[in-house]
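Visitor: First the structure, then my questions, so here it is.
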Amino acid sequence: MTEEQKTSGFEKTGGVEETFISHLVELRNRIMKASIAVIVVFLCLMPWAAHIYDLLAAPMLAALPVGAKMIATGVITPFLIPVKVTLLLAFVIALPWVLYQLWAFIAPGLYAHEKKLIAPLVISSSVLFIAGVAFCYYLVFGVIFHFINNFAPKSVSVAPDIDSYFDFVMTMFIAFGMTFEVPIVVIVLVRMGLVSLEKLKSIRPYVIVGAFVVAAVVTPPDIMSQLLLAVPLCLLYEVGLLVAPLFVKATQAPAEESEKTI
12 MTEEQKTSGF EKTGGVEETF ISHLVELRNR IMKASIAVIV VFLCLMPWAA
62 HIYDLLAAPM LAALPVGAKM IATGVITPFL IPVKVTLLLA FVIALPWVLY
112 QLWAFIAPGL YAHEKKLIAP LVISSSVLFI AGVAFCYYLV FGVIFHFINN
162 FAPKSVSVAP DIDSYFDFVM TMFIAFGMTF EVPIVVIVLV RMGLVSLEKL
212 KSIRPYVIVG AFVVAAVVTP PDIMSQLLLA VPLCLLYEVG LLVAPLFVKA
262 TQAPAEESEK TI
């Protein structure tokens, strides 16, 4: 091997290392900017942390007997739980900026047709997740909590612990938020060629059965709350089947389009 070949080899290796390090530095900067935004929003919301938790607890309090309140069994729980809720709300408020930082990091390495795919998916998935959380908060919680409290024996004083309530609420938010992501999953599967649209249509009966199984596992045992999860899941699956062909056509690469014309 000549000296020139060795030198060029070292230059290529050094170039790859420098590129990798520059990407790491860029990723660190983007994460720091996103984290600072969440922290700033969190600090601005902290004076109202107790009121924010009261807002989260409103569906449960509305279902409890008049004058009843929730309880806190831990020493620092009355402080810790509202702080957790406030931090999650701060993340949701800062989510557009967080997503922008993610987009700014990955966009330079994407082709034009890939940018057409990623940007709508990121925006629509965020909107759908928030819509699922809102659906759960404004509709599902009222049904579930009234059912539970009406079913409770008269000899039992219903006074939920705020820690357990927080865990239950987060589980339900995640379940309904992920349920509303079904159209995105369908679109990605079809666009990436992992599953054909015809195959997804043919397994529709299995999806319906699976939706009711998931609803039975995630939600409380009353039939109404199970229907409120299973029915939207089935409807959103159908929405994904309708939108997927349009989305795939709009985000095709030029090479794919030319192959179809040939």
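Sequential numbering from 12 applies to the sequence shown in the numbering used here. All residues carry an ideal CB built from backbone N, CA and C; glycine is no exception.
Give me whichever residues DSSP pairs with I82 in a beta bridge.
Guide: D172, per the DSSP bridge assignment.
Visitor: Across the region 159-166 and the region 197-214, are there enough close Cβ pairs to call them in contact, namely three or more that are closer than 8 Å?
Guide: These segments do not touch.
Visitor: Roughly how many angstroms separate the alpha carbons of A74 and S236, rounded to a whole number?
Guide: Their Cα atoms are separated by approximately 15 Å.
Visitor: Have a look at P171, V96, N40 and flag the residue whose alpha-carbon is nearest the alpha-carbon of L72.
Guide: Here the closest residue by C-alpha is P171.
Visitor: Entirely within the region 91-177 and at least 3 residues each: give me those beta strand (DSSP E) ranges in chain order.
Guide: The region 91-177 contains no whole beta strand (DSSP E) run of 3 or more residues.
Visitor: Please determine, among F258, P119, V180, the residue with the shortest C-alpha to C-alpha distance to V196.
Guide: Closest by alpha carbon: F258.
Visitor: Start and end of the alpha helix (DSSP H) containing E209?
Guide: Segment 208-213, the alpha helix (DSSP H) holding E209.
Visitor: Taking the alpha helix (DSSP H) that P70 belongs to, which residues open and close that run?
Guide: Start and end: 60-74.
Visitor: Evaluate S136 with the Cβ neighbour count: other Cβ atoms within 10 Å of its Cβ, from every protein chain shown; 16 or more gives buried, anything less gives exposed.
Guide: S136 should be labelled buried.
Visitor: Using the C-alpha atoms, what's the distance from F102 back to A115?
Guide: Computed Cα separation, rounded: 18 Å.
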